[in-house]
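Trainee: Can you read through this structure? Questions will come right after.
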Amino acid sequence: MEIGFIGNSAFKGRIVSSLRKTEHSVCGAYHSRKTKFGRDVNEYGSAEALISDADLVYIAQDELPLFEISQIAIKETKHLFFENPILWDYEAFRHLFHLARESKSVIRFSQKLRTHPVYTPVRDQLNPLFVSFRLDAYRELKAFDDRKRVLFDIASVIWDTLHRELRKMHYFPLEYHTQYPGSFFFDMDFDNGTHVNLLFNHLAGVPAFYAEFIQASKRFLLDFIGPGLSVYDEIRGSYKPSVGKLGSEAEWVAKDFKNFVLNLKDARLPLTINEDNQSVLYLTHSLLNEMNYKTQLMA
């Protein structure tokens, strides 16, 4: 399978390295940078030329007209992998998914939290009745674009765990009349009865990001930037930690992409992959829309 890169990806080197021992290769790159990627990468003069040679197109942030380029790729029956799933609004992506249904193309978003080393060991064991996410940050996530990215990562784990539609949602800012609320809180109910809450706390000096999954027989505590995974021990009445190397964001993105490429080539992707990716994106935008609506009401 030939892979082409469009845009300015910070993870390209890591991704190319991860594919070296596979049968897949990089045909080249097209971007708006004035500097070259490197001697070992073929630089294309147009997006159309790259799309013609590629089977799969990796799209990263760039000043290029990426929406138009994506439409061309899908019409040419190419598969797409988006490094940033929040490039455009939901309606723009909905149009791409509509085109993909006609061309039989696969659209996939980078979902690095699903390949996080504390999530993958317990992924198949999760069947929660209650899920709680908490993210503490002093400066992080005050920028709207950063907040969108993190909400997408969380939504990808929620959908991967539940595969259920959102039934009811509330957004609560815990502080009013400020440009950035000290904390804000989402409360969600899903069709299968699972309850999910999400707390963003900016009144903290030390960053933290963890999720707790509570189900009938077990409790899992996942610390995404701390020591790692803990499973609740009913006999001891406490969490038993399992510490491991968490790696870097570049490693998670590269692993996510490599798994996607291998599964795509071997036809081991779920038949609902486009629908699942669209559902994750829809859930993310539902959270963002609720936040924006409530913010406008309180302004």
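One point on numbering: in our numbering, the residue at position 137 of the sequence shown is 128, and numbering is uninterrupted. We treat Cβ as the ideally placed atom computed from N, Cα and C, and that holds for glycine. As the structure is a computational prediction, the values presented were derived from the model and not from experiment.
#1: Report yes if the CB atom of Ala38 is closer than 8 Å to the CB atom of Ile(-3), and no otherwise.
#2: So, helix, strand or coil for Ile149, using DSSP?
#3: Which residue marks the beginning of the alpha helix (DSSP H) containing Ala38, and which one marks its end?
#4: Following the continuous beta strand (DSSP E) through Tyr223, name the residue where it begins and the one where it ends.
#5: Roughly how many angstroms lie between the CA atoms of Val148 and Phe175, to the nearest whole one?
#6: Just verifying my parser: in three-state terms, what is the DSSP assignment at Met(-8)?
#7: Roughly how far, in whole angstroms, is the beta-carbon of Pro108 from the beta-carbon of Gly238, given that I think they are within contact range, below 8 Å?
#8: Compute the Euclidean distance between the alpha carbons of Lys69 and Leu47, then round it to the nearest angstrom.
#9: When you compare each of Ala45, Ile50, Tyr21, Leu165 to Gly36 by their alpha carbons, which one comes out closest?
#10: Taking a contact to mean a Cβ-Cβ separation below 8 Å, would you say Ser233 touches Leu212 in this structure?
#11: Does the distance from the C-beta atom of Phe2 to that of Val252 stay below 8 Å?
#12: Does the segment 136 to 156 come within contact of the segment 266 to 281, defined as at least 3 CB pairs closer than 8 Å?
#13: Using only CA atoms, which one of Phe124, Leu55, Phe181 lies nearest to Glu203?
#14: In whole angstroms, give me the CA-to-CA distance for Asn192 and Tyr162.
#15: Residue range of the alpha helix (DSSP H) that Tyr81 falls in?
#16: Can you tell me whether Tyr21 is helix, strand or coil according to DSSP?
#17: Just grab the DSSP bridge partners of Tyr162 for me.
#18: Thinking just about the alpha-carbon of each residue, which of Ser229, Arg85, Asp151 is nearest to the one in Tyr110?
#19: Is the Cβ-Cβ distance between Asn(-1) and Gln52 less than 8 Å?
#20: First and last residue of the alpha helix (DSSP H) that includes Asn292?
#21: Work out the CA separation of His89 and Glu67 for me, nearest whole Å.
#22: Measure from the alpha carbon of Asp31 to the alpha carbon of each residue in Ala40, Arg11, Leu189, Asp127, then state which is nearest.
#23: Residues in the same chain with beta-carbon distance under 8 Å from Gly(-5), minus the five sequence neighbours each way, listed in chain order, please.
#24: Tell me whether Leu212 sits in a helix, a strand or coil according to DSSP, three-state version.
#25: On the premise that Val222 lies in contact with Lys236, defined as a C-beta separation below 8 Å, what is that separation, rounded to the nearest angstrom?
#26: Once you ignore the five residues that flank Ala64 on each side, which residues in its own chain have a CB closer than 7 Å to its CB?
#27: Do you know whose CA, among Gln269, Ala241, Arg138, Leu153, lies nearest Leu190's CA?
#28: Are Lys159 and Asp127 closer than 8 Å when you measure CB to CB?
#29: Considering only DSSP beta bridges, list what His186 is partnered with.
Mentor: The short version:
#1: Yes, these two residues count as a Cβ contact at 8 Å.
#2: For Ile149, the secondary structure class from DSSP, reduced to helix, strand or coil, is helix.
#3: Boundaries of the alpha helix (DSSP H) around Ala38: 38 to 44.
#4: Counted as a single uninterrupted DSSP element, the beta strand (DSSP E) harbouring Tyr223 occupies residues 219 to 224.
#5: Using only the alpha carbons, I get a separation of about 20 Å.
#6: Three-state DSSP puts Met(-8) in coil, outside helix and strand.
#7: The pair is a contact, with the Cβ atoms about 6 Å apart (cut-off 8 Å).
#8: Rounded to whole angstroms, Lys69 and Leu47 show a C-alpha spacing of 6 Å.
#9: Tyr21 is the residue among Ala45, Ile50, Tyr21, Leu165 whose C-alpha sits nearest the C-alpha of Gly36.
#10: Cβ distance not < 8 Å, so Ser233 and Leu212 don't count as in contact.
#11: Their beta carbons are not under 8 Å apart, which means Phe2 does not touch Val252 by this criterion.
#12: With the cut-off at 8 Å, the segment 136 to 156 and the segment 266 to 281 touch.
#13: Minimum Cα distance to Glu203 is reached at Phe124.
#14: C-alpha separation (whole angstroms): 14 Å.
#15: It spans 81 to 94 - the alpha helix (DSSP H) in which Tyr81 sits, taken as one unbroken run.
#16: Under the three-state reduction of DSSP, Tyr21 is assigned to strand.
#17: Note: Tyr162 sits in a beta bridge opposite Phe177.
#18: Minimum Cα distance to Tyr110 is reached at Asp151.
#19: Yes.
#20: One cannot answer for residue 292 here, as it falls past the ends of the chain, which runs -8 to 290.
#21: Taking C-alpha positions only, Glu67 is separated from His89 by approximately 14 Å.
#22: Relative to Asp31, the option among Ala40, Arg11, Leu189, Asp127 whose CA is nearest is Arg11.
#23: Scanning its chain for C-beta atoms nearer than 8 Å, with the 5 sequence neighbours on each side dropped, one finds around Gly(-5) the residues Val17, Cys18, Gly19, Ala20, Tyr21, Tyr35, Leu41, Ile42, Asp44, Ala45, Leu47, Val48, Tyr49, in chain order.
#24: Leu212 falls in the strand class under three-state DSSP.
#25: Not quite, the Cβ-Cβ distance comes to about 18 Å (not below 8 Å), so this is no contact.
#26: Excluding sequence neighbours, Ala64 sits near Ile42, Val48, Leu71.
#27: Nearest option by C-alpha distance: Arg138.
#28: In this structure, Asp127 does not lie closer than 8 Å to Lys159 by Cβ.
#29: DSSP lists Phe121, Asp180 as partners of His186.
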